[in-house]
Amino acid sequence: MNVEPIVLALVIFHFLGLALIIGSFALQLRRKQGFEFGTMLIGAITQLVTGLALVGLLQVSGEEVNNAKIAVKLIFAIVVLVAVLVARSRQAKALSTGTSEKKAALPFLHLAGLAALINVFVAVLWH
Ligand code: HEM
């Protein structure tokens, strides 16, 4: 079976997931309250699903996959997902207790954006 079209489709969605994370991160960098995490969450899940599917398909089609690179990317992708979830729940708590949303959520928004950026560098520079 020719898996090439599926690989290409997955790569496109992999880039779209990346755009969702970094785009939403950049837009909210200077925000102090009312953070929106849904977009980053969808992006983080998209990266995990498309990334793992890509690895599977590349292996099935006999292409070499750099396991160390994939392991590093997997760890940083999980960091993105967990940081977004923590930021979302900390913001909800801050809203209910009337404390600073910025203090509660912004460090984790930064962590998620930074981990995604590191993954871009890993993806492109590590060959
Ligand atoms: C925030 C998370 C992630 C970001 C920002 C990201 C970014 C990228 C980028 C920019 C590329 C294109 C690289 C190129 O064409 O030179 C790429 C390709 C790829 N990514 Fe990811 N990625 C992420 C997560 C993952 C995960 C979790 C996996 C697998 C567990 C994965 C597996 C792959 C594979 C197999 C390719 C294509 C082949 C390769 O470059 O080795 N990615 N990724």
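Going by the numbering used here, the residue at position 66 of the sequence shown is 67; the numbering climbs one at a time, nothing skipped.
All residues carry an ideal CB built from backbone N, CA and C; glycine is no exception.
Is the closest heavy atom of the ligand HEM to the C-beta of Gln29 under 8 Å? Reading the sequence shown from its first residue, position 28 is the one you call residue 29. No.
Residue from Gln92, His128, Leu112 and Val8 whose Cα sits closest to the Cα of Thr51: Locating residue 51 in the sequence shown gives position 50, where the first residue counts as 1. The shortest C-alpha separation from Thr51 is found at Val8.
Could you tell me whether the Cβ atoms of Gly114 and Ile22 are closer together than 9 Å? Your numbering for residue 114 matches position 113 in the sequence shown. Your numbering for residue 22 matches position 21 in the sequence shown. Between Gly114 and Ile22, the C-beta gap is smaller than 9 Å, which places the two residues in contact.
Inter-residue spacing [alpha-carbon to alpha-carbon] between Phe26 and Gly63: Translated into positions along the sequence shown, residue 26 becomes position 25. Translated into positions along the sequence shown, residue 63 becomes position 62. If you draw a straight line from the Cα of Phe26 to the Cα of Gly63, it is about 36 Å long.
Measure the Cβ-Cβ separation of Gln29 and Val81 and say whether it is below 9 Å. Mapped onto the sequence shown, residue 29 falls at position 28. Mapped onto the sequence shown, residue 81 falls at position 80. Not closer than 9 Å, so no.
For Asn120, three-class secondary structure by DSSP: Taking the first residue of the sequence shown as position 1, residue 120 is located at position 119. In this structure, DSSP gives Asn120 a helical state, which the three-state scheme calls helix.
Under the rule that 16 or more other beta-carbon atoms within 10 Å means buried, what is Ala20, buried or exposed? For the purposes of this step, residue 20 is identified with residue 19 of the sequence shown, where counting begins at 1. When all chains shown are included, Ala20 counts as exposed.
So what does DSSP say about Arg91, is it helix, strand or coil? As a position in the sequence shown, residue 91 is number 90, starting the count at 1. In this structure, Arg91 counts as helix in the three-state DSSP scheme.
Does the Cβ of Val4 lie closer than 8 Å to at least one heavy atom of the ligand HEM? Residue numbering aside, residue 4 sits at position 3 when the sequence shown is read from its first letter. No, the beta carbon of Val4 sits no closer than 8 Å to any heavy atom of the ligand HEM.
Quick check: what's the CA-CA separation for Val125 versus Thr98? In the sequence shown, counting from the first residue as 1, residue 125 sits at position 124. In the sequence shown, counting from the first residue as 1, residue 98 sits at position 97. Computed Cα separation, rounded: 43 Å.
Would Phe36 pass as a contact of Ala88 if the rule is Cβ separation under 9 Å? Within the sequence shown, the letter at position 35 stands for residue 36. Within the sequence shown, the letter at position 87 stands for residue 88. Yes. Within cutoff.
What residue does the alpha helix (DSSP H) around Met41 start on, and which one ends it? Here residue 41 refers to the residue found at position 40 of the sequence shown. Here the alpha helix (DSSP H) through Met41 covers Gly39 to Val61.
To which residues of the same chain is Val123 closer than 8 Å at the C-beta, ignoring the five residues directly before and after it? Mapped onto the sequence shown, residue 123 falls at position 122. Around Val123: Lys70, Val73, Lys74 and Phe77.
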